[in-house]
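Scroll down for the structure; my scribbles are underneath it.
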Amino acid sequence: MSTHLLLIQGLNGLQLGILLFLIAAGLTLVFGVMDFINLAHGVQYMIGAYLAAWIAAGTGSFWFALLLALPLALALGLLLEFLVFRHLYDRDHLQQVLATFGVILVVNQGVKLLFGAAPLQVPMPELLSGGIPIMEGLLYPTYRIAIIVGGLATAGLLWWLVERTKVGMLVRAGATNAPMVAALGVDINRLFMIVFGFGAMLAGFAGVLAAPILSVEPGMGDNLLILAFVVIVIGGIGSIRGAFIAALLVGLVETLGRSLMPDLMRLFLSPSEARQVGAALASMLVYIAMAAILAFRPAGLFPVRAG
Amino acid sequence: MLPAVRAEAPAILLLAALAAAPFLGFGEGYMLTLLARAMILAMAAVSLSLLVGGAGLVSMGHAAMMGFGAYAVVILDDMGVTDAAIVLPTAIAAAGAFALATGAIAIRTSGVHFIMITLAFGQMAFFTASSLAGYGGDDGYTLYSRSDVLGLRLLDDRLAFHFICVGALALTWLLGRLLLASRFGRVLRAAKGNPLRAQALGFDPFPYRLTAYVIAGAMGGAAGFLFANATEFVAPAYISWQRSGELLFMVILGGVAGLHGALIGALGFVLLEEWLSHQWEHWRILFGVLLILAVLFLPNGLSGIPAQLARVARR
Amino acid sequence: MSAPLLALHGVQKRFGGLAVTDDVSLDIAPAEIHAVIGPNGAGKTTLINEISGVLKVDAGRILFGGQDITALSMPRRARLGLARSFQITSVVNAFSALENTALAVQARSGSSFRFLRPAATERALNEAAMSALEQVGLAARAETPAGAMSHGEKRQLELAIALATEPRLLLLDEPLAGAGPEETERLIGILRGLKSRYTIVLVEHDMQAVFALADRISVLVYGRVIATGTPDAIRANPEVRAAYLGEDEGAEAMPC
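Chains as they are written, first to last, in our numbering: chain S, 29 to 335; chain W, 139 to 453; chain P, 225 to 480.
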């Protein structure tokens with residue numbers, strides 16, 4: 029394994045981690061503040077990607093798509109909140125899981141109905157196509173760099189919002205002890221709506237960013253959702269900082285594992301076996317990491333919840 | 139004794155209806171195949187309900203138990219062993235052993251973390267199965283033939299297989315009922331309802347929960363054995379988290395107040411899915427909407443409907 | 225005094241910088257009712273939690289029947305015969321009163337790893353459970369789900385559960401908390417019926433009840449025991465009077 033490849037895979041891992049963080053941030057806040065398990069959060073990511081594909085196809089401009097998809101993703105998120113999720117906040121987790129699974133089915137199939145089952149392509153914006161030399165003789169796609177930079181900037185903005193603003197303070201307090209915040213006279217329903225809408229928009233943003241480099245297809249959010257759940261559980265439910273660190277960790281483990289594991293296995297096994305076993309082990313790595321972390325730190329790396 | 143019988147009536151009626159189904163116009167091959175699939179999934183759902191409703195252990199990796207049972211059939215088939223007298227105990231033992239090993243770690247956590255750690259173990263089983271190149275990897279493995287029972291090709295006969303499934307489901311349900319009503323089950327239920335109280339009485343919940351986890355896993359293994367024989371095919375998809383999720387949904391849809399909820403939930407889930415899929419290409423939209431409506435308007439699941447109606451009538 | 229059934233030696237517990245149990249040593253004699261009183265925040269419930277094993281102590285030793293139980297878990301201590309009630313009622317709401325109590329009987333009679341026989345039909349369990357319910361006057365409510373009971377009835381059930389384990393030592397954490405005047409009267413009657421048959425450590429705010437029931441009283445202030453003695457001795461103890469009469473709430477509650 030050359031340093032070049034390692035560097036590229038490291039950057040790819042970072043980029044996956046950033047996307048995961050954008051999805052996980054909303055998930056962990058919704059879970060932490062509202063104690064609401066939203067399986068349909070991955071759907072928001074898919075909605076973002078489809079909106080981008082649809083608008084880009086209509087206007088021919090990725091930038092238009094980015095600009096319009098965000099408020100639309102927010103609006104759709106709030107619509108779902110109003111129609112379904114709002115009625116589930118005081119139900120137990122099992123019922124939330126069942127109903128939000130129903131939402132996944134409806135939206136996944138609805139997307140198929142509207143756009144067909146075939147994957148859609150979103151052209152890369154002219155400005156960001158091509159590559160940037162990061163080492164001698166090594167180009168890395170500009171767009172992926174842009175995702176990393178844009179994601180880090182969003183993470184910074186999120187940190188500022190949560191740590192430095194009044195709403196952010198309420199959100200943190202809500203994640204630690206929601207009933208207390210409600211008892212202090214804060215309009216908890218409005219707080220919930222803000223947190224929910226914001227989380228939906230972030231996931232939609234991740235979808236828009238991912239659209240030009242991944243195929244936009246029904247169900248694209250499902251597997252990322254599971255990874256995002258892994259992220260928030262490793263990070264500690266309700267913790268933005270934990271989600272950030274865990275997302276990067278999962279992104280790197282997932283990406284580096286996939287490229288390194290088969291090579292590692294070749295030390296012990298025949299090439300074809302090594303490829304198969306290596307791939308399986310690589311897919312397992314994040315889950316092994318999560319199981320190990322939970323076995324020793326049952327509340328995740330950065331526990332938030334009081335008592 | 140009477141109220142006890144009344145509480146069991148829904149399950150007994152349902153099982154009786156399943157046993158009678160071939161004689162009530164559901165005897166065609168297609169219908170029997172569908173019913174067998176529904177009953178086997180119901181077995182897995184009942185064993186999961188034992189965990190969810192009885193012990194408060196919400197497992198998101200129960201499909202892996204079925205997977206162990208199903209892969210035991212495949213691996214033994216590959217070795218030329220096809221007698222159910224060997225295959226079934228192996229399937230049960232394999233699933234039970236997996237449950238013991240993973241449960242010992244998972245049961246240290248609780249709540250959402252338990253859901254996630256069982257998901258993690260399920261995914262590990264899933265990816266292991268995909269890497270089994272000798273058994274088809276991702277593509278799965280087609281059984282040469284169904285298991286035989288002491289040399290008899292009993293499972294090949296559609297009607298016989300139907301009754302074997304009815305019997306297995308009835309046995310699973312009965313065992314689960316007895317378990318929950320026993321001393322063991324009482325401790326399990328107390329530890330779910332009020333763990334502090336159970337501990338203050340001297341019951342450490344861990345060994346009870348772990349035992350329940352292993353028993354449910356073994357039951358899942360038996361269901362996996364039947365599933366492999368019913369489809370004559372085994373693939374990693376049987377172990378996917380989506381399948382674990384489906385089993386959980388069957389349990390919740392039916393209601394966790396009693397094991398019969400899982401029976402009703404599983405049969406309702408499979409049959410509704412099948413029926414809707416013949417109505418409209420995009421039937422999943424309707425299915426999803428029905429799930430959402432079921433949660434919003436039936437807080438106690440399908441099995442809670444009679445009590446809910448009674449409440450409305452009294453008003 | 226005969227050999228103590230329960231002995232605490234220099235027990236310490238800190239939450240952050242705050243010492244909630246500060247070098248507490250106590251001897252509880254067999255068959256005595258030993259009350260622990262003290263102002264709010266004195267660490268009474270903490271002490272009960274340390275004895276029953278909910279909380280681990282930072283230092284010191286706890287001996288029960290001569291055996292060092294400091295390192296044992298709550299279930300292990302319970303199996304040795306330490307039963308407790310909780311300040312906030314802790315019963316299994318989904319169970320009937322009978323099943324709650326039968327569960328307690330089950331804890332001391334044979335293995336609970338029995339899988340097939342319905343526990344609800346085990347006569348030995350049910351009879352012992354009924355007798356415990358009778359002791360607290362709940363026999364008529366045996367089939368009522370605990371979740372549907374009044375607060376006072378739940379306090380009685382809590383007592384029945386503790387009794388049904390046939391404990392060597394009963395830890396009662398404010399058994400009268402939240403009970404109305406009539407319920408209090410009834411509960412005191414029940415407790416009086418237990419006197420000299422059980423060894424009881426009683427934490428209670430109701431001073432009438434404490435002085436009526438206790439053989440000895442220990443006064444806990446800021447995690448330290450400032451006095452132990454008979455009710456009369458405690459009444460006359462100047463340190464106790466200072467600690468209590470300095471407080472508004474204690475001044476009315478203390479029957480001097």
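Ideal placement from N, C-alpha and C gives every residue a C-beta, glycine not left out.
Close beta carbons around residue i, own chain, < 7 Å, minus the five adjacent residues each side
i: V408(W); result: R175, A176, L179
i: V214(S); result: L198
i: W421(W); result: L414, S415
i: A237(P); result: One point to set straight first is that residue 237(P) is Lys, not Ala, in the sequence displayed. Result list for K237(P): V244, T245, T270, E274, L279, V281, D282, in chain order.
i: A308(W); result: L153
i: H121(S); result: I65
i: L381(P); result: V315, A321, N324, L362, A370, M373
i: G76(S); result: A97, A101, A231, G232, F233, A234, G235, V236
For residue i, the residue or residues it bridges with in DSSP
i: K280(P); result: Paired residues: none, contrary to the question.
i: H429(P); result: According to DSSP, which records beta bridges pairwise, H429(P) is partnered with nothing at all.
i: Y279(W); result: V372(W)
i: T452(P); result: S442(P)
i: V244(S); result: L148(S)
i: D292(P); result: L287(P)
i: L290(W); result: V287(W)
Among the options, the one whose alpha carbon lies nearest that of residue i
i: S197(W); options: Q337(W), S269(W), F387(W); result: F387(W)
i: S243(S); options: G158(S), G264(S), V150(S); result: V150(S)
i: P147(S); options: T182(S), I273(S), A239(S); result: A239(S)
i: A306(W); options: P160(W), M181(W), V450(W); result: M181(W)
i: E146(W); options: D221(W), W311(W), S378(W); result: W311(W)
i: H127(W); options: G323(W), R381(W), A338(W); result: Lying before the first or after the last residue shown, residue 127(W) is absent from chain W, which here runs from 139 to 453.
i: D294(W); options: A366(W), A267(W), A375(W), L189(W); result: A366(W)
i: G442(W); options: V394(W), A451(W), W418(W), L431(W); result: V394(W)
i: A307(P); options: I293(P), H258(P), A328(P); result: A328(P)
i: F339(P); options: C303(W), D215(W), T349(W); result: T349(W)
i: F299(W); options: W418(W), L318(W), L172(W), L447(W); result: L172(W)
i: L111(S); options: L100(S), A127(S), A275(S); result: A127(S)
i: Y78(S); options: T87(S), A93(S), A68(S); result: A93(S)
i: L188(W); options: G272(W), Q446(W), A155(W), R327(W); result: R327(W)
i: L313(W); options: S185(W), R453(W), F161(W); result: S185(W)
i: V443(P); options: G265(P), R421(P), L242(P); result: G265(P)
Residue i: first and last residue of the uninterrupted beta strand (DSSP E) it sits in
i: Q236(P); result: 230-239
i: L242(P); result: 242-252
i: D291(S); result: That residue, D291(S), is in no beta strand (DSSP E); its alpha helix (DSSP H) goes 268-293.
i: L394(P); result: 393-397
i: R308(P); result: 306-309
i: I261(P); result: 257-261
Same chain, Cβ closer than 8 Å to residue i, five either side skipped, listed in chain order
i: F425(W); result: L410, E411, L414
i: V352(W); result: G234, A237, L238, G241
i: L57(S); result: V199, A203, V223, F226, G227, G266, I268
i: V190(S); result: G196, V199, R200, I268
6 Å CB neighbourhood of residue i in its chain, flanking five on each side removed
i: P148(W); result: H398
i: G335(S); result: For G335(S), the predicted structure reports a pLDDT of 39, less than 50, and the residue's modelled location is therefore unreliable. The matter cannot be settled from this model.
i: S298(S); result: none
i: R365(P); result: A321
i: L415(P); result: L437
i: V325(W); result: F341, Y346
i: A401(P); result: Q311
Residue range of the alpha helix (DSSP H) that includes residue i
i: I254(S); result: 248-263
i: M169(W); result: 167-187
i: N40(S); result: 31-62
i: G305(W); result: 296-319
i: F324(S); result: 299-324
i: T329(S); result: Correcting the residue type first, residue 329(S) is Leu in the shown sequence and not Thr. Taken as a continuous stretch (DSSP letters only), L329(S) belongs to no alpha helix (DSSP H), as it is neither H nor E.
i: G426(W); result: 421-435
i: S382(W); result: 379-392
Extract the residue ranges of the beta strand (DSSP E) inside the segment 202-277 of chain W, only unbroken runs of 3 or more that lie entirely within it.
none
In chain order, each alpha helix (DSSP H) run of at least 4 residues that lies wholly inside the segment 156-230 of chain S:
Correct list: 170-192, 194-211.
Start-end ranges of the beta strand (DSSP E) lying completely within the segment 86-165 of chain S, minimum 3 residues:
159-163
Complete runs of the beta strand (DSSP E) confined to the segment 304-385 of chain P [at least 3 residues]:
306-309
In chain order, what are the residue ranges of uninterrupted beta strand (DSSP E) at least 3 long that sit wholly in the segment 403-428 of chain P?
424-427
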